[in-house]
Structures are given as C-alpha cells and as structure tokens.
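Presented below is the structure to which this report refers.
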Amino acid sequence: MHHQLQQLPELGIGIGFRRQISEAIFSNSGEIDWLEIISENFMNIGGSARQLLEQTMARFPVIPHGVNLSVGGTDPINRKYLQQLHRLLEDIDSPWVSDHLCYTSNKGRYAQQLLPLPRTKEVVKHVVARVREVQETLERPFLLENITYYMTFSESTMSEAEFLSEVCEKADCGILLDLNNIVVNAKNFALDEREFIDGIDKERVVQMHIAGHKTCHDWVLDTHAEPVTSEVYDFLDYSLRRLKPKAILLERDDNFADFAEILSELRTIRECASRADIIANTEGALQCH
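Counting from 501, one number per residue, gives the positions in the sequence shown under our numbering.
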C-alpha cells in the first residue's frame, strides 16, 4: 500500500462541498480543482441529493471524507456503514477515502464529536486492526486525519505525530494532515506545531486540510467558519517545503456570505503550493503573506 500511496493522482486545490455554496462552486469551477464531500451525507441516497452528487461528479473529482466511522472506538466496526461507503466509492470512482483518528461512538450512541484517544502502544494495536479491516472492505487507500482536541490523557506515552505515524505505518494507510488542527492544538497546549511536521511519516501524507479558527476566552476553537489566519498560511509554507501532498483542501462549514473571500483563500493556497512546486501556478493567484 505504501507504494500505492505514491502512485495516487495529484488533484490540486479543492474545497469542501456544502450544499449552501453549491451554485457558487459550480459557477467558479475554473478556480476549483476537486471537491471533498462528507461521506455520510451521500451514502445510500436518492432523489435530489443523488442528482446533486451526479452534478458534482460531472464537473470535479470527488473524494469522500467521513466523520462517523469511529475507527478508534470499541464498538464493532459498523459493517452496514462500510458496505454503503463502499458503494459510494464505487459510484464516484474515488482514488481514496478518509476519516479521523478518533472515536465518535460508544455502545451504539454517537457523541456528535470527534473525541481523542490515549496515545499508547495498546491503542495503536487496537486502531491498526480496525483500520486494516476498513481498508480491506473498502478496497481503496484509506487516510486518517489528525483532530483537534481539548483534553489530554495522562496515560499517553507518545506525541501526536508519533502516534499518527505509528498507526498509519502499521496499518499501512495514508495520512490526511490538517494544518489548522495542528496550530489549534499547539496554541491550546503550548506545543510547537513545526515539531509535528518534523516528526510525521512524510511519505504517507497524501492530503492536507486548511481552515479557520477563533479564540474564545482561554481556548482556541477549530470552527471552519473564520478566514484562514496568516499563521496557518505560514505553517502551510513551512509544511510544503517538507511534504508533497497529492491534494490540498480548504474547509469552510459556516459563514458563507461572501464567496469572494473563499475564492481569495483558494488563490492564496494555490500560490503557496505553486511556490513549493506542488502544483502549477494560475493567473491572478495571490501572494501567500
């Protein structure tokens, strides 16, 4: 699988597909290379939702990104969920699929949150077995994303970069590196975000996420609703000097009032990627800083 990750297609700069901005996305398709959909929103669907999916497939490469797999949980992996996701992957012919290194449910109850795991060798072993089951069933390269977290475990014996890298190496899967999440965690827990990049298994990084955050009282919150900060753009520059992802995605889940702002962010990301020789530059791209 490691060799297969290296052979995955280069998709360029994309955006998270949300129905509220679907028309704006279609109207500006020349500035968007690919789309990421939330897997659960398009599994086992028909009617207008299916028509919308087919519209996106006709114009863009589409990659599913899940939020409810609970790969770190203790409940058995949901086989019905995997079967529906497999059908979606077949329908859209996606080169890969992703979810989060976390748990989201316990005893059949969903928390509606991405919850962190203790970073121990025992948990690595547990997650690796589940990832292998997922990847074998889906028959596609599978990526794990690092999450934001607002609590830590005294049992943890590994850094987050070490934990993510060891899980992905032993499960033989890829990494979806969320740069905003790394910055948010670094701010909240007095960490050095650059040490994360320096410690990650670089050859397994297939995709990156970029998003916005905000400060609320004593915490920095991952919101996906604010503009990307200059600090995250600087971190993108730093990361792209060391990593060669196949795709970079801008996430925006709320605050869609001015799509021109989103387009400006896409151009800034494209300029960062172009300067790092990740993708070709485009006319009118903005400076990164």
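For every residue, glycine included, the Cβ atom is placed at its ideal position computed from N, Cα and C.
Since the structure is predicted, the reported quantities are computational estimates derived from the model, not experimental observations.
8 Å CB neighbourhood of residue i in its chain, flanking five on each side removed
i    : result
W596 : L508, I563, R640, P641, F642, L643, G674, V706 and Q707
R704 : H502, L505, S665, C668, E669, C673, G674 and I675
R518 : R752, D753 and F756
P616 : C602, I647, Y649, M651, T652 and F653
Q520 : F756
Q635 : M501, P641, F642, A671, D672 and C673
Per-residue DSSP class, three states only, for residue i
i    : result
P509 : coil
S659 : coil
N688 : helix
S548 : helix
F642 : strand
V728 : coil
I538 : strand
L617 : coil
H717 : coil
R518 : coil
A780 : Because the pLDDT of A780 is 49, which lies under 50, any placement of that residue in the model is unreliable, and the number read from its coordinates should be weighed accordingly. In this structure, A780 counts as coil in the three-state DSSP scheme.
V567 : coil
T652 : coil
R609 : strand
A773 : helix
F749 : Just to set this straight, residue 749 is Leu in the shown sequence, not Phe. The answer is strand: DSSP assigns L749 an E or B state.
S529 : helix
G674 : strand
D701 : coil
Contacting residues, own chain, Cβ-Cβ under 7 Å from residue i (five flanking each side not counted)
i    : result
L786 : Reliability of the predicted coordinates at L786 is poor, the pLDDT of 37 falling under 50, and the value obtained from them is presented with this limitation in mind. For L786, where only same-chain residues beyond five positions count, the Cβ hits under 7 Å are S764, R767, T768 and E771.
E655 : P618 and T620
Y738 : R694 and I697
K714 : L721, T723 and E726
A773 : I513, L740, I748 and I779
D533 : L511, G512, I513 and G514
Sequence-distant residues of its chain with Cβ nearer than 6 Å to residue i (five each side left out)
i    : result
N568 : E540 and T604
V728 : I710, G712 and E765
E751 : G516, H709, A711 and H724
L553 : F542
I700 : A661 and S665
H600 : L614, E645 and I647
H586 : L638
F653 : P618
P584 : Reading off the sequence shown, one finds Gln at residue 584, where the question assumed Pro. Same-chain partners within the cutoff: M543 and N544.
G547 : none
L677 : V705 and M708
Beta-carbon proximity of residue i to residue j, cut-off 7 Å
i    : j    : result
L716 : I647 : Leu is not the amino acid found at residue 716; the sequence shown has Cys there. No, the pair does not count as a contact, with Cβ atoms beyond the cut-off.
V624 : V571 : no
A834 : F696 : What the structure shows of the chain is the stretch from 501 to 789, and residue 834 is not part of that stretch, so it cannot be assessed.
H565 : E536 : yes
L582 : T637 : yes
V628 : A671 : yes
K702 : L743 : yes
Nearest to residue i (by Cα), restricted to the options the options
i    : options                   : result
F560 : H626, G546, K607 and I515 : I515
A686 : L582, A776 and W719       : W719
G573 : A558, N528 and L614       : L614
L691 : S774, F663 and S659       : S659
P576 : K607, R550 and E590       : K607
E523 : Q555, E633 and G547       : Q555
R550 : D591, K580 and S598       : D591
L775 : I762, E761 and Y733       : Per the sequence shown, residue 775 should be read as Arg rather than Leu. Taking only the C-alpha atoms, the option nearest R775 is Y733.
T657 : E633, E622, L677 and H626 : E622
Three or more beta-carbon pairs under 8 Å between the segment 681–695 and the segment 749–764, yes or no? The segment 681–695, when compared against the segment 749–764, does not touch it at the 8 Å Cβ threshold.
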